[in-house]
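Those protein sequence lines, which keep their order, are chains A and B.
For the first sequence, position 224 matches number 224 in this note's numbering, and the numbering has no gaps at all.
Position in the second sequence counted from 1, then plus 257, gives you this note's numbering.
Working notes, structure below.
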Amino acid sequence: MNGHEQYADDLALYALDALRGEARARVDEHLSTCAACRLELEQLRGDTALLALAAAGPRPPQRGRQRLLDAVAREARVPAVVRTSARSLWWGWLLGAAGMALIACVVLVLRENLALRQSVISARSEASKNARELEELRRIAAPIIDPEAQRVTLVSSKAVPQPQGKAFYLRNRSSLVFLANNMPALPPHKAYELWLIPVSGAPMPAGMFKPDAQGSASMVHPVLPAAVEAKAFAITMEDETGAATPTMPIFMMGAGE
Amino acid sequence: MSPQPQGTSTDLALVTGLKAGDQGAMAELYDRYSSVVYAVALRVLGDTGAAEDVLQEVFLQLWRKPAAFDAARGSLRSWLAVITRNRAIDSLRKRRPETDIEDVVLSVAPDLAGDAERARVAERVRGVMGTMAPAQRSALEMAYWEGMSHSEIADKTGEPLGTVKTRIRGGLMALRKAFQG
């Protein structure tokens, strides 16, 4: 610890995520300037990994694999990479030999061939880009256009101008699009927090937002727990760092339409 | 990183595949590590449905942010185990994720390639835990598997905060020593 023994116990708690409040803030501040303690924290996390690896249990249900791969396919970023194999190496040699023959025979033809290849690669790249953009648009639009999506309107109990929020939530994809307008301006260091209120259990944070000068705001796909059935959505005003539980009073709330 | 006995590609090659959008690499990593991830999630949550949700979430996070794993610092198996424990505790305590996976960096000394090595490590960890005083083992387990803060543990056990802190660190040091010796 190189003379930093006073942080030793707290670092162990920090690694376990068991340190809260001011003590955690003190450690955060110290870590920002102390490489030795950052290294010790990495080692402590490695120690905690040993605890995790001692866990034993049944194998996960087979359905989980397909569920994951379906979700991954929906979030495909780029076309799958072709890994190097003996077959692809053969093709590479073949193409190389063909190229050499072309060079030896007709330079002009090679140039034309190269130009054509570049066009094909460019066209494929463009098609790939378009496919990714289309998939991204489909992913974003799914909670709005899918007939299974819950449509929730949140309104204020106060008078004009009426703040309004629209939440489009697709449970089976854990996807959410939220739009708001006429939202009152926030005090300094405050933000609105959207809450997903499940059928059972405590409200879950569903994203923070600050309206623009016109009182409008939107959120697309904030991080949500998987496949939670929503009974309602609500909005509270919180510190801009966010809250783990809603601070009363509830500013807006709405159930499914 | 050591070659993995369960497949033909190393973890590093598969994570590189993820960065390029290779869905086949994702399937291979799932086959390799879903048992570890599910076991950790189930140990924390005690509910198969909730554990399946965390399993999905952890692998999707890996898919979305493969660069968060620093192969130079340790094994993917250990990193996933730590990420899973953290996410499961967040789920158990119904709170937003407190630590981004990109911020979870760990150093791991033991070579953890393969299920056989994992089984050996697990047996050794249980052995070390078995040698701890019951109060120390209990404090460490409450912090790790139940996600309790040191003050919550102190309230529950009626012991001073300082004692709880020292016991928890002492427990982790005992584990470290067992794998360094």
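Glycine included, every Cβ here is placed at the ideal spot set by N, Cα and C.
With its beta carbon less than 8 Å from one in chain B, A/D17 belongs to the interface. A/L53 is positioned such that its CB atom lies no closer than 8 Å to that of B/R394. Take the alpha-carbon of A/L16 and the one of B/G427: they are about 13 Å apart. Taking the beta carbon of B/K413 as reference, no residue of chain A falls within 7 Å; the closest one sits roughly 13 Å away. Identification of chain A residues near B/F316 by a Cβ-Cβ cut-off of 7 Å yields L68, ordered along the chain.
Taking 8 Å as the CB threshold, B/G387 stays off the interface with chain A. Contact of A/V72 with chain B by beta-carbon distance below 7 Å involves Q280, M283, W320. With respect to chain A, the C-beta atom of B/G404 has a partner C-beta closer than 8 Å. Within chain B, the C-beta atoms nearer than 7 Å to that of A/M204 come from K351, in chain order.
Only those residues of the segment 427-438 of chain B whose C-beta falls short of 7 Å from the nearest C-beta of chain A are listed: L429, L432, R433, F436.
In this structure, DSSP gives A/V228 a state outside helix and strand, which the three-state scheme calls coil. For A/E193, the uninterrupted beta strand (DSSP E) run begins and ends at 190-198, by DSSP. Nearest CB-CB separation between A/R26 and chain B: not below the 8 Å threshold.
Judged by pairs of C-beta atoms under 8 Å, the segment 33-51 of chain A does not touch the segment 275-288 of chain B, as fewer than three such pairs exist. For A/S216, the CB contacts under 6 Å within the same chain, skipping 5 residues up- and downstream, are N181 in chain order.
Secondary structure at A/A206: strand, using DSSP grouped into helix, strand and coil.
Straight across, the Cα-Cα distance linking B/L337 with A/L179 is about 35 Å. The C-beta of B/E309 comes closer than 8 Å to at least one C-beta of chain A. Counting only runs of at least 4 residues, the segment 36-85 of chain A fully encloses the following alpha helix (DSSP H) elements, listed from N- to C-terminal order: 63-74.
Using a Cβ-Cβ cut-off of 8 Å, B/S395 does not count as an interface residue toward chain A, since no Cβ of chain A sits closer than that to its own. Between A/M204 and A/V228, the C-beta gap is smaller than 8 Å, which places the two residues in contact. Collapsing the DSSP output to three states places A/E240 in coil. Against chain B, the beta carbon of A/D239 has no neighbour under 8 Å; the closest one sits roughly 13 Å away. For a Cβ distance threshold of 8 Å, residue set G278, Q280 of chain B lies close to A/A76, ordered along the chain.
Taken through DSSP and simplified to helix, strand or coil, A/A167 comes out as strand. With contacts defined by Cβ atoms closer than 8 Å, B/K351 and A/A202 form a contacting pair. As computed with DSSP, A/I235 is found in a beta bridge with A/L194, A/M252. When Cβ pairs closer than 8 Å are counted between the two stretches, the segment 234-253 of chain A is seen to touch the segment 190-197 of chain A, the count reaching three or more. Counting of Cβ neighbours within 10 angstroms places B/K422 among the buried residues, the total reaching 16 or more. In terms of beta-carbon proximity, B/L312 lines the interface with chain A, with at least one pair separated by less than 8 Å. From the listed residues A/Q162, A/A213, A/K166, A/T245, the smallest Cα separation to A/L186 is found for A/A213. Of the candidates B/R424, B/K413, B/F316, the residue whose Cα lies closest to the Cα of A/A73 is B/F316.
Secondary structure at B/Q393: helix, using DSSP grouped into helix, strand and coil.
Taking every protein chain shown into account, the CB of A/E22 has fewer than 16 other CB atoms within 10 angstroms, so this residue is exposed. Contact check for B/S408 and B/L418: beta-carbon distance about 6 Å, within the 8 Å limit, so the pair qualifies. Of all C-beta pairs linking the segment 296-316 of chain B to the segment 61-70 of chain A, three or more are shorter than 8 Å, placing the two stretches in contact.
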